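To start, the structure itself, in structure tokens.
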Amino acid sequence: MRSLSSIRRHPTMLQGRLPSRVFRILKQAGELAERTSVSAFVVGGFVRDLLLGQPTLDLDLVIEGDGIAYARALARPAEAEVKAHDRFETAVIVFPDGFKLDVATARTEHYEYPTALPTVQRSSINEDLYRRDFTINTLAIRLNPGHFGELMDFYGGQRDLNKRTIRVLHSLSFVEDPTRVFRAIRFEQRFGFRLGTETLALIKGVGKIDLIHRLSGSRLSEELILLLSEEEPRKMIARLGALNLLHFVHPALKWSARLDVLLKAVPKVLDWYKRTSLNWADRKVSVAGASSGSPADLMDGWLVYFMALMEVIPSQAVGETLRRLKLSVRHAEKIRVSRDSSSKLLRRLARRPPLRPAEVYRVLVGLSDETLLFLMAKARSESVKRRVSAYLTTYRHVKPILTGTDLKTMGLKPGPIFKKILSQLLSARLNGEVQTKADERNLAKRIINAVTP
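With the numbering used here applied, the sequence shown corresponds to residues 664 to 1116, in that order.
Right, here's the structure in full:
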């Protein structure tokens, strides 16, 4: 990692380390701040990742002044949309091509009671950064001309980045917001850092006083989904297990050899899916757990990990967990199907003699991609895995050549026989019994003759 002080001495080096568009936006943001007599800073994870040599496109600006008014002024030349949140004095700028920029008023936060949402009031950048979760996220870069690119480090973020340490700013940090426990584990495992001694002790203390159970289900599910959307969720879940924190998802959830086996299998099937499927989307997950702007049939990788967690707890506990976390109806239904049906489906797929392609199709048709991938992760038999993968890549895309229109030209009237013929044509095509349209037509005639008096 390059020395942080080098950015302080050479602010123009930012231009060489960022995509040209990001650099241009930061320059424009600073120039607007100067014209409107406010101070602008890019803060948090963007600065942290930049200094770690892992630049991100997630831009968070903090304004000493009216952040919402500033956001509207910054958006106007680009004809971008501004979504303002007056209570927290924040805004999101959405550019015409979908690029997003978060803008916040520098503020302090006060919690009326543990796990409550904060009340806010305007403040300085120094005070704003103090409310952050960890020191490595308190770094800021000034954007106003004359100071553009200067690093601001009030709370030892540079030191802790260099020491590869996750450290909270004060002893009540986890009491104010227990979801920070999950973020601490995410950052520790993502970056290969370690929890500071005091921070680790505070996390263990949160586990003992049971604050996380007072969180709303939606806030807990948001953090859990973010954790399961990381590159290596297994490491994070194992760490939560080692710290006896998995019970915050449900008291019945514990780290075990069985869970470990499942979690090791999930990334293998997800990697396979990425390589073979056109239906994969690497995208951010919204707080509701649904990918914003994405069709319902796109696959959510985090959900396969969640299915693994639910597999190792009793059915009643699964229902309790889904009700507590308030997942979307679509996601909850996929999890229920996986939990209730996976063992039965795997037994059917393992039958001897081996199922023919049409039989595999009938067993698996209608299941979500997440459920199918979980079946592959759970299956011990390689032949069963191959049957599921064949369904995903081939069988489900097969269709008869003949259509309902063709059947009408053969003199049939629409009715139940249509469905029967098309179903048998599909089975024959899956099993390789027909190859051409003529083959299908001949088979259709035989079916018609067999059912016609």
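Even for Gly, the Cβ is constructed at its ideal location relative to N, Cα and C.
Note that this is a predicted model, so its numbers are computed, not measured.
(message) Does the structure place the stretch 968-982 close enough to the stretch 1008-1019 that three or more beta carbon pairs sit under 8 Å?
(response) no
(request) Report the residue ranges of all beta strand (DSSP E) runs contained in full by the stretch 746-774; include only those spanning at least 3 residues, in chain order. (result) 753-757, 763-768 and 770-773
(request) Report the three-state DSSP secondary structure of residue 816 (helix, strand or coil). (result) Translated into positions along the sequence shown, residue 816 becomes position 153. In this structure, residue 816 counts as coil in the three-state DSSP scheme.
(message) Please identify the residue among 707, 785 and 1031 whose C-alpha is closest to the C-alpha of residue 962.
(response) Numbered from its first residue, the sequence shown carries residue 962 at position 299. Minimum Cα distance to residue 962 is reached at 1031.
(request) Check each candidate in 1094, 1062, 1051 and 1058 and name the one with the smallest Cα separation from residue 935. (result) Working through the sequence shown from its first residue, we reach residue 935 at position 272. Selected option, being the one with the closest Cα: 1051.
(request) Buried or exposed for residue 870, please, with buried defined as at least 16 other CB atoms from any protein chain shown within 10 angstroms of its CB. (result) If you number the sequence shown from 1, residue 870 lands on position 207. Buried: at least 16 other Cβ atoms inside 10 Å.
(message) As a quick exercise: from 1033, 1025, 799 and 992, pick the residue whose alpha carbon is nearest that of residue 1001.
(response) Mapped onto the sequence shown, residue 1001 falls at position 338. Of the candidates 1033, 1025, 799 and 992, the one whose C-alpha sits nearest the C-alpha of residue 1001 is 1033.
(message) For residue 963, report the span of its alpha helix (DSSP H) as first-last.
(response) Numbered from 1 along the sequence shown, position 300 holds the residue referred to as residue 963. Residue 963 -> no alpha helix (DSSP H), and no H or E assigned at all.
(request) Output the distance between the C-alpha atoms of residue 876 and residue 683, rounded to the nearest integer angstrom. (result) Here the question's residue 876 lines up with position 213 in the sequence shown. Here the question's residue 683 lines up with position 20 in the sequence shown. When rounded, the distance between both Cα atoms is 45 Å.
(request) Kindly list the residues whose CB is nearer than 6 Å to the CB of residue 1056, restricted to its own chain and excluding five residues on each side of it in sequence; keep chain order. (result) Here residue 1056 corresponds to residue number 393 of the sequence shown, with the count starting at 1. The residues are 939.
(message) Taking the beta carbon of residue 1094 as the centre, do at least 16 other beta carbons fall within 10 Å, making it buried, or is it exposed?
(response) Residue mapping note: residue 1094 aligns to position 431 of the sequence shown, counting from 1. Result: exposed.
(request) Look up residue 1069 in the DSSP assignment and say whether it is helix, strand or coil. (result) Along the sequence shown, one-based indexing puts residue 1069 at 406. Helix at residue 1069.
(request) Kindly indicate the opening and closing residues of the alpha helix (DSSP H) around residue 986. (result) Translated into the one-based positions of the sequence shown, residue 986 becomes position 323. Its alpha helix (DSSP H) spans residues 978-988.
(request) Starting from the C-beta of residue 1113, find all residues in its chain whose C-beta is less than 8 Å away, skip the five residues before and the five after it, and write them out in chain order. (result) Counting from one through the sequence shown, the residue named residue 1113 turns up at place 450. Hits under 8 Å: none found.
(request) Give the DSSP bridge partners of residue 723, in chain order. (result) Working through the sequence shown from its first residue, we reach residue 723 at position 60. Answer by DSSP bridge pairing, in chain order: 765.
(message) Considering just the uninterrupted stretch of the alpha helix (DSSP H) at residue 685, what are its terminal residues?
(response) Within the sequence shown, the letter at position 22 stands for residue 685. Where residue 685 is concerned, the enclosing alpha helix (DSSP H) stretches over 683-698.
(request) Check whether the Cβ atoms of residue 1040 and residue 932 sit closer than 8 Å, and answer yes or no. (result) As a working note, residue 1040 is residue 377 in the sequence shown. As a working note, residue 932 is residue 269 in the sequence shown. Yes, Cβ-Cβ distance for residue 1040 and residue 932 is below 8 Å.
(request) May I have the straight-line CA-CA distance separating residue 910 from residue 860, to the nearest angstrom? (result) Position 247 of the sequence shown, counted from the first residue, corresponds to residue 910. Position 197 of the sequence shown, counted from the first residue, corresponds to residue 860. Rounded to whole angstroms, residue 910 to residue 860 spans 23 Å at the Cα level.
(request) Under 8 Å by Cβ, that's how I've got residue 824 and residue 687 pegged, so tell me the actual separation to the nearest angstrom. (result) Your numbering for residue 824 matches position 161 in the sequence shown. Your numbering for residue 687 matches position 24 in the sequence shown. Contact flag wrong, Cβ pair sits at about 26 Å.
(message) Looking only at its chain, what residues have a beta carbon closer than 6 Å to the beta carbon of residue 747, apart from the 5 residues adjacent to it on each side?
(response) Position 84 of the sequence shown, counted from the first residue, corresponds to residue 747. Same-chain partners within the cutoff: 731 and 754.
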